[in-house]
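Contents: one structure, followed by commentary.
In the UniProt record's numbering, the protein residues as written are 1 to 351.
Here is the structure:
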């Protein structure tokens with residue numbers, strides 16, 4: 001589930017002519033959030049339900065993806081083409097171009113612009129940077145509980161219509177109720193990058209493993225919060241170490257005709273809930289830059305340079321704020337500080 005902000009993500013949807021489709025599908029009821037301590041006590045309850053023009057309406061990721069894809073001609077996206085490498089090609093003085101190599105062994109060439117929107121481990125980024133996104137010291141253990149789960153009714157009531165966050169000590173729990181009713185939970189723990197493989201937990205027996213995990217990291221948390229982890233549907237468990245470029249990161253290599261957006265350009269951790277909005281804001285800015293190439297005769301290099309100056313200024317601002325909230329959530333700060341961090345995110349000033 002994603003909250004799409006008026007001043008960033010929705011700008012891109014307006015430019016794409018898709019804001020009406022978004023508004024039909026957005027979930028204002030899912031803006032509800034409960035903030036609790038480790039014992040389950042509610043410290044904050046917030047919702048934009050009932051507002052005609054909400055600042056941060058929610059939408060399921062899959063629904064937003066469908067809206068975007070349905071707006072394209074059927075042959076625009078080439079499915080089954082996982083990128084392995086983007087290669088610069090210059091032959092016998094011919095115009096510079098790019099060859100794309102795919103996991104299925106095929107290749108395509110003849111492109112003079114490549115835009116990498118291929119996520120944290122972008123293959124396109126190698127043309128602009130050799131810097132690996134650093135691990136931030138936090139791993140997510142992700143679970144999913146569907147309406148068919150016997151434990152679902154009580155857990156659903158506890159989570160509410162949208163999100164439920166609980167903080168305590170060096171770990172947090174964040175749960176979201178999706179449009180199909182399923183409840184996705186992200187148990188975020190401070191741990192070394194290779195923790196899963198070195199944890200001593202036998203993950204092949206899921207329920208026993210999750211009980212052991214919850215005992216180790218959430219031993220004194222409420223039964224309701226522990227259930228969000230332990231009652232995971234079989235086969236729905238996932239692990240996601242978190243990475244983020246530091247404030248001030250930019251590309252250290254030049255490559256004419258290549259730029260990036262979103263996590264491929266400047267991956268962020270989720271502690272201010274802005275990732276999709278930053279990526280869509282990038283897309284808005286890049287579309288505007290490319291329009292200048294077509295309408296004003298601006299060179300591609302100049303257009304991309306102008307675009308990158310803007311996105312990295314924004315990325316530095318957001319990385320700084322995300323680092324600040326990470327420090328609040330994972331270093332045992334009192335709930336009063338956690339609430340201040342959430343207020344900073346809710347005010348929309350982060351982008």
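Think of the CB as a built atom: it goes at the ideal place given N, C-alpha and C, for glycine as much as any other residue.
Other residues of its chain near residue i: CB distance less than 6 Å, five sequence neighbours each side excluded
i, result
"residue 14", "none"
"residue 304", "259"
"residue 187", "141, 173, 229"
Per-residue DSSP class, three states only, for residue i
i, result
"residue 82", "coil"
"residue 11", "helix"
"residue 115", "strand"
"residue 212", "helix"
"residue 307", "helix"
"residue 333", "coil"
"residue 279", "helix"
"residue 218", "coil"
"residue 354", "There is simply no residue 354 to check, as the chain begins at 1 and stops at 351 in what is shown."
"residue 52", "coil"
"residue 349", "In this prediction, residue 349 has a pLDDT of 48, which is less than 50 and means its spatial position is unreliable; nothing more can be read from the coordinates."
"residue 3", "strand"
"residue 186", "strand"
"residue 248", "coil"
"residue 137", "strand"
"residue 240", "strand"
Euclidean distance between Cα positions of residue i and residue j
i, j, result
"residue 336", "residue 328", "10 Å"
"residue 241", "residue 216", "18 Å"
"residue 203", "residue 189", "17 Å"
"residue 219", "residue 156", "22 Å"
"residue 279", "residue 259", "13 Å"
"residue 405", "residue 326", "Residue 405 cannot be examined here, being either before or after the span of the chain that is shown, 1 to 351."
"residue 301", "residue 159", "48 Å"
"residue 198", "residue 308", "39 Å"
"residue 333", "residue 168", "8 Å"
"residue 196", "residue 239", "8 Å"
"residue 10", "residue 16", "10 Å"
Other residues of its chain near residue i: CB distance less than 7 Å, five sequence neighbours each side excluded
i, result
"residue 119", "263, 264"
"residue 25", "59, 63, 67"
"residue 2", "58, 59, 61, 64, 276"
"residue 209", "201, 202, 203"
Neighbourhood of residue i by C-beta distance below 8 Å, restricted to the same chain and skipping five residues each side
i, result
"residue 253", "127, 128, 129, 130"
"residue 83", "100, 101, 102, 103, 118, 123, 124"
"residue 18", "67, 68, 71"
"residue 350", "Residue placement at residue 350 cannot be trusted, given a pLDDT of 45 that sits under 50; the coordinates are not used to answer."
"residue 151", "145, 227, 231"
Strand pairing of residue i, partner residues [DSSP]
i, result
"residue 101", "85, 107"
"residue 131", "The partner list for residue 131 (beta bridge, DSSP) is empty, contrary to what the question assumes."
"residue 42", "36"
"residue 27", "58"
Heavy atom of the ligand NAP within 7 Å of residue i beta-carbon
i, result
"residue 338", "Questions concerning the ligand NAP fall outside what the structure shown contains, since it holds no ligand whatsoever."
Top-ranked residue by Cα proximity to residue i, from the options
i, options, result
"residue 171", "197, 147, 138, 112", "138"
"residue 281", "197, 261, 107, 339", "261"
"residue 86", "237, 67, 114", "114"
"residue 49", "32, 206, 331, 184", "32"
"residue 88", "80, 81, 98", "98"
"residue 255", "80, 29, 112", "112"
"residue 236", "183, 296, 47, 246", "183"
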